[in-house]
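>
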Amino acid sequence: MIKLDPSQIGQETLLATVTVTAEEIRRFAEAVGDLNPLYLDAEAARTAGYSDVIAPPLFCMKMRGGRMRPDVPLEPGYASLHAGQDLEFVDEIYAGQTYTITAKVAEAYEKTGRSGPMGFIVREVAIKNASGRVVVTLKERQIVRSAEKRI
Numbered sequence: 063m064i065k066l067d068p069s070q071i072g073q074e075t076l077l078a079t080v081t082v083t084a085e086e087i088r089r090f091a092e093a094v095g096d097l098n099p100l101y102l103d104a105e106a107a108r109t110a111g112y113s114d115v116i117a118p119p120l121f122c123m124k125m126r127g128g129r130m131r132p133d134v135p136l137e138p139g140y141a142s143l144h145a146g147q148d149l150e151f152v153d154e155i156y157a158g159q160t161y162t163i164t165a166k167v168a169e170a171y172e173k174t175g176r177s178g179p180m181g182f183i184v185r186e187v188a189i190k191n192a193s194g195r196v197v198v199t200l201k202e203r204q205i206v207r208s209a210e211k212r213i
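Taking my numbering, the leading residue of the sequence shown gets 63, the next gets one more, and so forth.
Here you go:
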């Protein structure tokens, strides 16, 4: 069902290194309709004690990219779907700062449910600041099933 070499579990993969800009934060905040001055106005952010504008919490999803990675191949005839995520915020994401985004498969396992066998893939994405400190952790789950069975 899941084609994954067990030695790959826990191996970090570099997804990207990005420098976040105030303009990117502004575009994101406007797109989601969150016009908090801390996201849009550097002076308001400084008055609140931040060094520059900060990003809305879900900006981290933009940073990690459009799909769950690292890729895990599936057997032919199997399909998958996103099965939820947990986010842990340790610090803000600031404009003008550079972040490194890494990902790993934390777990992969199979079990049998009421409707048959299912596979589960758990990935962890870490967004780290320039000093290497994790500022956001995303834990994402994926369910794998035969395309012939209903999920």
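C-beta: ideal position from N, C-alpha, C; glycine also.
Report yes if the CB atom of I64 is closer than 8 Å to the CB atom of V115, and no otherwise.
It is not a contact, given that the beta carbons lie outside the stated cut-off.
> My assumption, with CB atoms under 8 Å, is that V198 sits in contact with I205. Please give the rounded CB distance.
That belief does not hold up - the Cβ atoms of V198 and I205 are roughly 24 Å apart, past 8 Å.
> My assumption, with CB atoms under 8 Å, is that M125 sits in contact with Y161. Please give the rounded CB distance.
That pair is a contact at about 7 Å.
> Indicate the three-state DSSP secondary structure (helix, strand or coil) for Q147 in the structure shown.
If DSSP states are grouped into helix, strand and coil, Q147 belongs with the strands.
> Assign S226 to buried or exposed, taking buried as 16 or more other Cβ atoms, counted over all protein chains shown, within 10 Å of its Cβ.
The first residue shown for the chain is 63 and the last is 213, placing residue 226 beyond what the model contains.
> Going by DSSP, what residues sit across from Y171 in a beta bridge?
Answer is F182, bridged to Y171.
> Can you tell me which residues form a DSSP beta bridge with R207?
For R207, which the question treats as bridged, DSSP gives the partners A141.
> Just the C-alpha distance for A110 and A78, rounded to the nearest angstrom, thanks.
Straight-line Cα distance between these residues: approximately 30 Å.
> I'd like the span of the beta strand (DSSP E) that includes T79, first residue to last.
Per DSSP, T79 belongs to the beta strand (DSSP E) from T75 to T81.
> Would you report the Cα separation of T174 and P118, rounded to the nearest angstrom?
Near 39 Å, if we compare the C-alpha coordinates of P118 and T174.
> Please tell me whether R185 has its Cβ less than 8 Å away from any Cβ of chain C.
Going by chain labels, chain C is absent from the structure shown, which holds only one protein chain.
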